[in-house]
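Single-structure report; data block below.
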Amino acid sequence: MDSFRPGKLHLDLMAELLSAAVRPDPSVIVGPGIGEDAAVIDFGPRYLVAKTDPITFATDRIGWYAVTVNANDIATRGARPRWFLATVLLPETGTDQALTASIFAQMRAACDGIGVTLVGGHTEVTIGLDRPIVVGTMLGEVERDRLISTSGLSVGDRILLTKGVPIEGAAILAVEAGERLMSMGVAAAELDAARSLLDDPGISVSREAAIAAATGWVTSMHDPTEGGVATALLEMARAARVGLRVRRDRIPVLPVAERLCAALGLDPLGVIASGALLIGVRTEGAEAVIEALRSEGIPVAEIGEAVPEEEGATFVRVEHCDPIPYFEKDEIARIL
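Here it is in structure tokens:
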């Protein structure tokens, strides 16, 4: 039997594992499932929303990443992030007080920026690591009638995408593969522009998620992370048991990201894409959601629609349709 490669497990295998592992519990409103960004637990007048995610690609600003990407998945539920826990695993070589203090300072700054409190976790130097890893857990809360789930997407709903892709991936490439890219002729200014994407437009989607949810027209939201926007679209379809028709030419690929990916031979739609937000909206409310986002300075594009499941998930081109590719292994993992 072949060993698994780095990256996500196949969707079918994950579904099989989850079906065997999950015990029914009436207090669990949304449990583990393909494409579902966070668990939802009945806690009386409000729902508790919980998410855990590791940071494994990035090393620069890793503490800040851990808080931000976990908060994103809380926000996709229409919820407010509130409490954060972190497991910080440090390598035997290169770990000192300065590194550790830097990671904690990053987490504190990120928490302060979105009104979250660090409430616990664990820190250790771990055998076998060649880089720090931070595993974050974020808790939040949402009013019972304001909950949004990935599986809420219905046939006929429109699919929107904010900002562009791959914001996080381009920044990681500039940091982790910067010397290689410069040796291939990429200008230092291009790398600086890619690094700056972390802050402008940024990888947080909490603000746009709240704006979109407040319109009342949103049926589903999903945060495209590892495997890029292509994989996120498939996860969205799988969760809702629908098909998708997506206009590939309408997916906004950021120019600097496209150039870095082209230099390294990567498909930008398969590169980790935190910072963009996929939003499903009812047809009659699509323009209202678009206007709400654009009025707050958030770029957004309508890229497709949900169709019956039997029609599959496809990228529509001028003359033909192609199945949306699934990236079990993020494109970045091929070169790092």
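Residues in the sequence shown are numbered from 1 upward in steps of one, following the numbering used here. Every residue, glycine too, gets a C-beta built ideally from N, C-alpha and C. Predicted, not measured: the structure shown is a model, and the values here were computed from it.
Would you mind working out which of 99, 232, 88 and 295 sits nearest residue 313, comparing C-alpha positions? Of 99, 232, 88 and 295, the residue nearest in Cα terms is 232.
Could you tell me the alpha carbon to alpha carbon distance between residue 235 and residue 22, rounded to whole angstroms? Note on geometry: alpha-carbon atoms of residue 235 and residue 22 lie some 19 Å from one another.
Taking Cβ positions, are residue 222 and residue 68 nearer each other than 8 Å? Their beta carbons are not under 8 Å apart, which means residue 222 does not touch residue 68 by this criterion.
If you check the beta carbons only, do residue 198 and residue 276 fall under 8 Å apart? no
Rounded to the nearest angstrom, what separates residue 30 and residue 184 at their Cα positions? 47 Å
From residue 328 to residue 227, what does the alpha carbon distance come to, in whole angstroms? 6 Å
Excluding the five sequence neighbours on either side, which residues of its own chain have a C-beta within less than 7 Å of the C-beta of residue 128, listed in chain order? none
Closest Cα partner of residue 339 within the set 51, 169, 300 and 306: Any answer about residue 339 is impossible in this case: the structure gives the chain only from 1 up to 336.
Using the C-alpha atoms, what's the distance from residue 146 back to residue 17? 30 Å
From residue 319 to residue 260, what distance separates their C-alpha atoms? Spanning the two alpha carbons is a distance of roughly 28 Å.
Just to confirm, is the Cβ distance from residue 229 to residue 279 under 8 Å? no
Taking the CB atoms as reference points, tell me whether residue 48 and residue 84 lie closer together than 8 Å. no
For residue 278, does the three-state DSSP call read helix, strand or coil? strand
Kindly indicate which three-state DSSP category residue 5 falls into: helix, strand or coil? DSSP places residue 5 in coil when its eight states are reduced to three.
Taking all protein chains shown into account, do 16 or more other C-beta atoms lie within 10 angstroms of the C-beta of residue 13, making it buried, or fewer, making it exposed? Residue 13 comes out exposed.
Could you work out which residue in 272, 121 and 180 is closest to residue 343 when comparing CA atoms only? Here the chain comprises residues numbered 1 to 336, so residue 343 is not present and cannot be evaluated.
Looking only at DSSP bridge pairs, what is residue 306 linked to? 244
Burial state of residue 138, where buried means 16 or more other Cβ atoms lie within 10 Å: buried
Selected residue, minimal CA-CA separation from residue 73, among 100, 26 and 136: 136
Hey, out of 180, 243 and 300, whose CA is closest to residue 251's CA? 300
Using a 10 Å radius around the Cβ and a threshold of 16 neighbouring Cβ atoms, would you call residue 3 buried or exposed? exposed
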